[in-house]
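Trainee: Structure below; questions to follow.
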Amino acid sequence: MKILILCTGNSCRSQMAHGFLQSFDPSLAVRSAGTEASGHLNPKAVEVMKEIGIDISHHTSDSVDLYLGEEWDYVITVCGGANEACPAFTGKVKHRLHMGFDDPSLAVGTGEFIQSEFTRVRDEIKDRFLRFYKDELIRG
């Protein structure tokens, strides 16, 4: 089972989703990428994942161009609302899904508020991807 998770920067939400899916089932071939890959991981994303025992610090922020020639069982976009354009994937894909999440890296305010936004989005990603895993991959 090959799953590609896409967003714009590939530094935060897609990385967290990648980490969760891999933690649910290490046999899944999970990759994440961005249309405008930042080239780095958001340190706060790494931190909030480490808090719950998932290490994504070894992940890389990759361009979607690396994966265009491959076939995928699922391509899942994780961009947020109307102010964010989700990438289109032109490769061979069996199933395309969209699961939108707010971008915690855009949070402004106190350190505590920003931390709470990363934690909130992390938990939303976990819940939604666990449901996807159970409903689509196990029962599918």
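According to the numbering used here, the sequence shown is numbered sequentially starting from 9. Even for Gly, the Cβ is constructed at its ideal location relative to N, Cα and C.
Are His67 and Gln23 closer than 7 Å when you measure CB to CB?
Mentor: In this structure, His67 places its C-beta atom within 7 Å of the C-beta atom of Gln23.
Trainee: For a minimum of 3 consecutive residues, which ranges assigned as the beta strand (DSSP E) are wholly contained in the region 12-85?
Mentor: 37-42 and 79-85
Trainee: Lys10 bridges to which residues according to DSSP?
Mentor: Ala37
Trainee: Do you know how far the Cα of Lys102 is from the Cα of Cys151?
Mentor: The requested residue 151 does not occur in the structure, where the chain is confined to residues 9 to 148.
Trainee: Whole angstroms is fine: what's the gap from Asn18's alpha carbon to Tyr75's?
Mentor: 13 Å
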